[in-house]
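Residue numbers (the working numbering), protein chains in the order written: chain E, 199 to 568; chain V, 199 to 568. This report refers to the structure that appears directly beneath it.
Protein chains: 2
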Amino acid sequence: MESTVGIVTPQSATFDLELRLESGRVLGPITLTYETYGELNRDKSNVVLVAHAWTGDAHAAGRHDPDDRKPGWWDSMIGPGKVLDTERYFVICSNVIGSCKGSTGPTSINPRTGKRYKLNFPVVMVRDMVRAQRLLLERLQIDNLLTVIGGSMGAMQALEWGIHYPEMVRSIIPIAGTGRTSPMAISLNAVARQAIYNDPLWKKGNYRPEHPPADGLALARAIGHISFLSDASMHLKFGRRFSARDGQFDFFGQFEVERYLEYNGGSFIDKFDTNSFLYLAKALDLYDVSWGFESLEEAMQQLQCPSLWFAFSSDWLYPPDQTEEVVRVLEQLDKPVEYHLIQSDYGHDSFLVEPEKFTPKVSAFLDKLL
Amino acid sequence: MESTVGIVTPQSATFDLELRLESGRVLGPITLTYETYGELNRDKSNVVLVAHAWTGDAHAAGRHDPDDRKPGWWDSMIGPGKVLDTERYFVICSNVIGSCKGSTGPTSINPRTGKRYKLNFPVVMVRDMVRAQRLLLERLQIDNLLTVIGGSMGAMQALEWGIHYPEMVRSIIPIAGTGRTSPMAISLNAVARQAIYNDPLWKKGNYRPEHPPADGLALARAIGHISFLSDASMHLKFGRRFSARDGQFDFFGQFEVERYLEYNGGSFIDKFDTNSFLYLAKALDLYDVSWGFESLEEAMQQLQCPSLWFAFSSDWLYPPDQTEEVVRVLEQLDKPVEYHLIQSDYGHDSFLVEPEKFTPKVSAFLDKLL
C-alpha cells in the first residue's frame, strides 16, 4: 500500500516584470514552474515550501503519468500520512531561476534578442532564487509559510527565506547545508566546470541543444557524484569489486565504482542543460549567507523564527562543522534553534537516502508550530 | 646556513632481462634511474631506501645544478644532520617502472617493435615496482636495508618491500599510506582518467610527445591536487577569496582556489607524460597488500621487521583509519609496530609539508635499529 499524492500536474507562473538581481543586473520576464500537493486551508496557515537541490526540479512527489518509473525526488517525505502530510499541509515545490526545468534560465529566450540567453544569462545567487519564489507566493496570495524545508541548495534557500522574509516565515528546516560554500566544495565545482570547458562541443556555451557537450557534462556530473557519496557508502555499494566484464590488468578495465560514475554521468546528459548546470554551480559557489551583511552574526540576527537543522556525519561536501558554525551563532544570539547530527554513511546524499533518520524530528518540530 | 647534500647526479642502471609481472606479462630490458646521498659504510648496514609518490622521481635531495630553483622533493628530510642523515646513512631513491622520469615506462622504446610502448606497456602493480628496485639493489651489491621509507605510493612500496623481501629489510616506515586503495580514491582517479580520455588530443595514448593532451592532463592533475589538500588547508591558503582580477558576477570569474588548481594543473603538463600518469594511477588503484594472499592477516604475517606508521588527521585520500586497519592486524599478530596519528591541516600532502611533525619519531626509531 503506497501512500502517494497520486498523479500531479506541474504548473507555471509568469511574471512580466524585471527583477533586480544581487549582481545589479535585471531579469525578466520570469517564469517559474511549480507543483503543489494537498489543500490550502481556510486561513492559509498550512503552507510548506519545499526547496530543491542543484539539479532538482519542482517535481518533488507523485507521478506525472501512471507509467512513470519513479515518483518525484522527495516522494518519501511528501504524501498522506508522511512527514510532510498532504492531509494536513499544502506543500509547494518551486523550481529555481537559472534551472532548465521549466523556469527562466540560460535555455530561455532572451526577450531583448529573441534568442536563447546561453551565457548572456546573468549570474544569479541563491538569494535571487528566493526573491523569484516570493513572486510566486504573492501570485498564489500566500503570505505565510509554516516552514521552508530543503536539503543542500534547498537548505540555502530555506535559510535565505528566513533571513530576508522574516515576516512571512514561521520556521525553517535547512538540511545538509552550509552557511557559506567552502573552498573544497568550490574546488570540486571548479574541476567539474573545467571538464565542460574542455569539451570542444561546449563552444563557450553556444552549443546547439541537440549537440550538447555530452562528454564534458557527464564527467562534471561524475565529479559531483563523488562529492555526494562518502567513502563509507562507496565501500557498502562497491567495495573494491572489479567489473566482471573486465580483466584486472586491462588498461581500460574498470572497478565497479568507476562504472557507476560513468553510467550516472552518462545518463545525466539528456536530463539537464549544461549551461544551467554551470549557472547553478556558480550560485552554489557564491553562496554566503553573510553576503551583504557585516558579519555572520548580523545575518543571523535577521532570523526571527525557530529553525531546525540537520547535518550528516559522513557528509564531506557540506560537513557538519559548517552547519554547526551557523547553529552556534544562533545559540549565541539566543534564537530558538534545534540541531541534530545524524549518523549516516550516505554522505551528502543522506537527506535523500535515509529520510527516516530525521523525519521523526521534523514531525515533532512541525507539530509544535501548528 | 642550508644543510644540503649539494650537487647530485642521477644515475641509471639497465637490466637486460625479462621481469615477470603480477599480470603474467613480462617486461624487459628494464632501466631504473636513481640517486644516492651519503656513503655506504663498510658492512653495508646503513642503507636507507626512499620510495617516491605517484608523480615523484629519483631526485629526492640536493640540486642537479647550482641554479636549480628547487631542491629534490624530500630535501627537508635528507642531508647532513637531517632525519635521514647523510653523514650516517647511505640513502638511495629509485624511480619506479611505469614512470617517465628516467625509468622504463610507456614512453620507453618497446624492443619488440622499435617504437614507444604507449598503451602496449603492461599494467604494473606496486609489487612490480618493488621487484624492479630489488634488481637495482642486487646490482649495487646491497642485500640489507636499514629501512624503506616513503609517503603515499612510497608507503605502499615500503610495505611491499617488508612483506616480500623480509630477509633484506630491517624496518619499514610507511607514511600516509593505505593497505588497499579505497573506492573513494579510485573514484578520484577514475574522473582524472576520464578527463584525459575526453581530450581529443589523447588519441587512446597515441598522442605525439610534442602534442600531449594538455587540457585533459591539466584537469586530471587539478583533480589530484584537490585530494592532496584538505578543507582546512584550503581555508588557510585561500578561504573564499575571489580572484582580484575578476568580478564576482563574471561568468568566468574565479575564486583564488580555482586559479591555484588551474595554475598547478597547467604547470604539470610539461613535467609528466600522460600515459605514465595513467599507468601509475592504475597501479595505485590496484594496490591491495593482500593481493595474492588469503587475507590481510596472511599478508601481514610475512612482515618480520619493526614498522613505524604515520597517518595525518586531515588526510582524506588515505585517511587514518586505513592505516589503522593495517596497524591493528600487526598488533593482533604481535608484530613490533609503532603508529602515530599526526595532527596536521595539510591533508595527504602533510608528509611533504610538515615533516617536522613526524621526523623526531623517525630519528628515535632509526636510532634504536642501529
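For every residue, glycine included, the Cβ atom is placed at its ideal position computed from N, Cα and C.
- [ ] Using a cut-off of 7 Å between C-beta atoms, extract the partners of residue 295 of chain V located in chain E.
- [x] Within chain E, no residue comes near residue 295 of chain V; the closest Cβ sits about 15 Å away, beyond 7 Å.
TODO: Return helix, strand or coil for residue 541 of chain V, following the three-state DSSP convention.
DONE: It is coil, neither helix nor strand.
Task: Closest residue to residue 346 of chain V among V/357, V/318, V/338 (Cα-Cα distance) - done: V/357
Open item on the list: For residue 252 of chain V, would you say it is in contact with chain E, using Cβ-to-Cβ distances shorter than 8 Å as the test?
Closed with: no
Task: Residues that residue 313 of chain E bridges to, as DSSP identifies them - done: E/308
Open item on the list: Please identify the residue among V/237, V/500, V/336, V/416 whose C-alpha is closest to the C-alpha of residue 212 of chain V.
Closed with: Out of V/237, V/500, V/336, V/416, V/336 has the C-alpha closest to the C-alpha of residue 212 of chain V.
Task: DSSP three-state assignment for residue 372 of chain E, whether helix, strand or coil - done: strand
Task: Selection from E/411, E/366, E/483 that minimises the alpha carbon distance to residue 244 of chain E - done: For the residues E/411, E/366, E/483, the minimum Cα distance to residue 244 of chain E belongs to E/366.
Task: Residues near residue 270 of chain V in its chain [Cβ-Cβ closer than 7 Å; skip 5 each side] - done: 257, 258, 259, 260
- [ ] Starting from the C-beta of residue 529 of chain E, find all residues in its chain whose C-beta is less than 7 Å away, skip the five residues before and the five after it, and write them out in chain order.
- [x] 535
Open item on the list: Please report the straight-line C-alpha distance between residue 199 of chain V and residue 371 of chain V, rounded to a whole angstrom.
Closed with: Here the model assigns residue 199 of chain V a pLDDT of 46, short of 50, so the residue's position is not dependable, and the following value carries that caveat. For residue 199 of chain V and residue 371 of chain V, the distance between alpha carbons rounds to 29 Å.
Task: Interface residues of chain V facing residue 410 of chain E [CB-CB closer than 9 Å] - done: Simply none; closest approach about 14 Å.
Task: chain V within 8 Å of residue 199 of chain E, Cβ atoms only - done: At residue 199 of chain E, the pLDDT of 46 sits below 50, so the modelled position is not reliable and the matter cannot be decided from this model.
Task: CB contact check: residue 462 of chain E to chain V, cutoff 8 Å - done: no
Task: the segment 229-237 of chain V contacting the segment 290-307 of chain V, beta-carbon criterion three pairs below 8 Å - done: yes
- [ ] Could you work out which residues of chain B lie near residue 546 of chain E, taking near to mean beta carbons separated by less than 9 Å?
- [x] Absent here is chain B; the protein component of the structure consists of chains E and V.
TODO: Mind checking which residues open and close the beta strand (DSSP E) that includes residue 507 of chain V?
DONE: 505-510
Open item on the list: Using 8 Å as the threshold, is the C-beta distance between residue 503 of chain V and residue 292 of chain V below it?
Closed with: The answer is no: Cβ separation not under 8 Å.
Task: CB contact flag (residue 520 of chain V, residue 414 of chain V, <8 Å) - done: No.
Task: Euclidean distance between Cα positions of residue 393 of chain E and residue 417 of chain E - done: Going from the Cα of residue 393 of chain E to the Cα of residue 417 of chain E covers about 6 Å.
TODO: Please compile the residues from chain E whose C-beta is within a distance smaller than 9 Å of the C-beta of residue 420 of chain V.
DONE: 385, 388, 389, 392
- [ ] Measure the alpha-carbon distance for residue 351 of chain E versus residue 482 of chain E and round it to whole angstroms.
- [x] 7 Å
Task: Segment contact, 8 Å Cβ cut-off, at least three pairs: the segment 485-504 of chain V with the segment 457-464 of chain V - done: no
TODO: Using three-state DSSP, classify residue 379 of chain E as helix, strand or coil.
DONE: In the structure shown, the three-state DSSP call for residue 379 of chain E is coil.
- [ ] Check each residue of the segment 424-442 of chain E: if its Cβ is closer than 7 Å to any Cβ of chain V, include it; give the result in chain order.
- [x] 424, 429, 432, 433, 436, 437, 438
Task: the segment 265-282 of chain E in contact with the segment 303-317 of chain E per 3-pair CB rule at 8 Å - done: no
Open item on the list: Between the alpha carbons of residue 297 of chain V and residue 207 of chain V, how many angstroms are there, rounded?
Closed with: 19 Å
TODO: Pick out whichever of V/242, V/412, V/226, V/252 has its Cα sitting closest to the Cα of residue 375 of chain V.
DONE: V/252
TODO: Under 6 Å Cβ to Cβ from residue 494 of chain E, same chain only, skipping five residues before and after it: list those, please.
DONE: Leaving aside the five residues that flank residue 494 of chain E on each side, the residues in its chain whose CB is nearer than 6 Å to its CB run, in chain order, 488, 527.
TODO: List the whole-angstrom C-beta distance separating residue 348 of chain E from residue 355 of chain E, where the pair is believed to meet the contact cut-off of C-beta under 8 Å.
DONE: 6 Å
TODO: Using alpha carbons as the reference points, say which of V/551, V/568, V/517 lies closest to residue 539 of chain V.
DONE: Here the closest residue by C-alpha is V/517.
Open item on the list: Going residue by residue through the segment 231-292 of chain E, where are the continuous beta strand (DSSP E) segments of at least 3 residues, counting only ones entirely within it?
Closed with: Qualifying beta strand (DSSP E) stretches, in chain order: 245-249, 288-292.
- [ ] Please say whether residue 221 of chain E and residue 320 of chain E have beta carbons closer to each other than 8 Å?
- [x] Taking C-beta atoms as the reference points, residue 320 of chain E and residue 221 of chain E count as a pair closer than 8 Å.
Task: Limits of the beta strand (DSSP E) - the one that residue 207 of chain E falls within - done: Neither: residue 207 of chain E is in no beta strand (DSSP E) and is coded neither H nor E.
Task: residue 454 of chain V classed as buried or exposed, judged by whether at least 16 other C-beta atoms fall within 10 angstroms - done: buried
Open item on the list: If we define contact as Cβ-Cβ less than 8 Å, is residue 495 of chain E a contact residue for chain V?
Closed with: no
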